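Trainee:
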């Protein structure tokens with residue numbers, strides 16, 4: 036089901052070109068909303084008699100794609116930009132989305148201590 040009133044309009048859409056965004060999509064064929072992360076690379080504004088619905092041209096932020104996809108503004112329930120911040124103590128920006136994907140592997144707080152060797156192993160068995 037699409038929303039009756041889109042949260043995106045041509046003025047706000049133009050400011051999102053070049054941004055990486057997290058989007059909640061509500062699609063008629065899906066029972067629940069979908070959350071996706073995209074790089075917005077372009078937009079198509081509605082033009083009476085020519086283009087009925089405005090939409091973004093996007094690339095999936097987590098996969099390499101050769102051509103952009105279309106995300107129609109009427110299918111967007113929530114849209115949040117993901118800001119890139121300089122690394123603490125430097126002027127260097129982190130790689131795009133570098134902090135969003137984590138392996139889940141736990142590392143010890145301190146290495147080369149009397150309880151944790153340099154390889155990070157505590158030697159304790161884990162169930």
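Residue numbers (our numbering): 36 to 162. Ideal Cβ positions, reconstructed from N, Cα and C, are used throughout, including at glycine. All values derive from a computational prediction rather than experimental measurement.
1) Whole angstroms is fine: what's the gap from residue 108's alpha carbon to residue 88's?
2) Is residue 86 buried or exposed, if buried means 16 or more other CB atoms sit within 10 Å of its CB?
3) Residue 71 bridges to which residues according to DSSP?
4) Quick one: measure Cβ to Cβ for residue 43 and residue 117, integer angstroms, because I've assumed they're closer than 8 Å.
5) If you drop the 5 nearest sequence neighbours on each side, which residues of the same chain put their C-beta closer than 7 Å to that of residue 74?
6) Would residue 51 pass as a contact of residue 62 if the rule is Cβ separation under 8 Å?
7) Tell me, which residues are paired with residue 4 by DSSP?
Mentor: A quick look at the data gives this:
1) Within the chain shown, numbered from 1, the residue matching residue 108 stands at position 73. Within the chain shown, numbered from 1, the residue matching residue 88 stands at position 53. Rounded to the nearest angstrom, the two C-alpha atoms are 7 Å apart.
2) Stepping through the chain shown from its first residue, residue 86 is reached at position 51. With fewer than 16 other CB atoms across the displayed protein chains lying within 10 angstroms of its CB, residue 86 is exposed.
3) Residue numbering aside, residue 71 sits at position 36 when the chain shown is read from its first letter. DSSP lists 58 as partners of residue 71.
4) Within the chain shown, the letter at position 8 stands for residue 43. Within the chain shown, the letter at position 82 stands for residue 117. So it is not a contact: roughly 16 Å between Cβ atoms.
5) By one-based count along the chain shown, residue 74 stands at place 39. If we look at residue 74 and ignore the five residues flanking it on each side, its Cβ neighbours are 55, 93, 94, 96.
6) For this step, residue 51 is matched to residue 16 along the chain shown. For this step, residue 62 is matched to residue 27 along the chain shown. No, the Cβ-Cβ distance between residue 51 and residue 62 is not below 8 Å.
7) As shown, the chain starts at 36 and ends at 162. That puts residue 4 outside it, with no answer to give.
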